[in-house]
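Asker: First the structure, then my questions, so here it is.
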Amino acid sequence: MTLNAQIIQSEGKPAFAVITYDEYETLQRSLSSFDSLEDFVDYIHALNVKQETTTWHTLDEVKKELGL
């Protein structure tokens, strides 16, 4: 999702971001299933890592590599 925000500055620094109500509702729905913004960011990071990962290992392979 790409946000189309109008940035309002105060004293030359970004102070507010104005988005459409539709975008606001989409964000609300996306965030409502997470306990915090940090949880949402962690989830997005995990999705990105999963998408970028090309080599997968079984649990047995990982245990063997770690000597467990």
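All letters in the sequence shown, in the order written, are residues 2 to 69 by our numbering. Glycine included, every Cβ here is placed at the ideal spot set by N, Cα and C. Nothing here was measured: the structure is a model prediction, and the numbers come from that model.
Taking only three categories from DSSP, how would you classify serine 11?
Answerer: Position 10 of the sequence shown, counted from the start, is the residue given in the question as residue 11. Serine 11: strand per DSSP, three-state reduction.
Asker: Using DSSP with H/G/I as helix, E/B as strand and the rest coil, what is alanine 6?
Answerer: In the sequence shown, counting from the first residue as 1, residue 6 sits at position 5. Coil.
Asker: What are the uninterrupted segments assigned as alpha helix (DSSP H) that are 4 or more residues long and contained completely in the stretch 38 to 68, given in chain order?
Answerer: Entirely contained in the stretch 38 to 68, the alpha helix (DSSP H) runs reaching 4 residues are, in chain order, 38 to 53, 60 to 67.
Asker: Nearest-angstrom Cα distance between arginine 30 and threonine 55?
Answerer: On the sequence shown, residue 30 is found 29 positions in, with the first residue counted as 1. On the sequence shown, residue 55 is found 54 positions in, with the first residue counted as 1. Distance between the alpha carbons of arginine 30 and threonine 55: 31 Å.
Asker: Compare the beta carbon distance of isoleucine 20 and leucine 28 with 9 Å and say whether it is the shorter of the two.
Answerer: Reading the sequence shown from its first residue, position 19 is the one you call residue 20. Reading the sequence shown from its first residue, position 27 is the one you call residue 28. Contact: yes.
Asker: I'd like to know whether the C-beta atoms of tyrosine 44 and phenylalanine 35 end up nearer to each other than 9 Å.
Answerer: Here residue 44 corresponds to residue number 43 of the sequence shown, with the count starting at 1. Here residue 35 corresponds to residue number 34 of the sequence shown, with the count starting at 1. Yes. Within cutoff.
Asker: For phenylalanine 17, list the residues DSSP reports as bridge partners.
Answerer: Looking up residue 17 in the sequence shown gives position 16. Phenylalanine 17 is bridged to Ile9.
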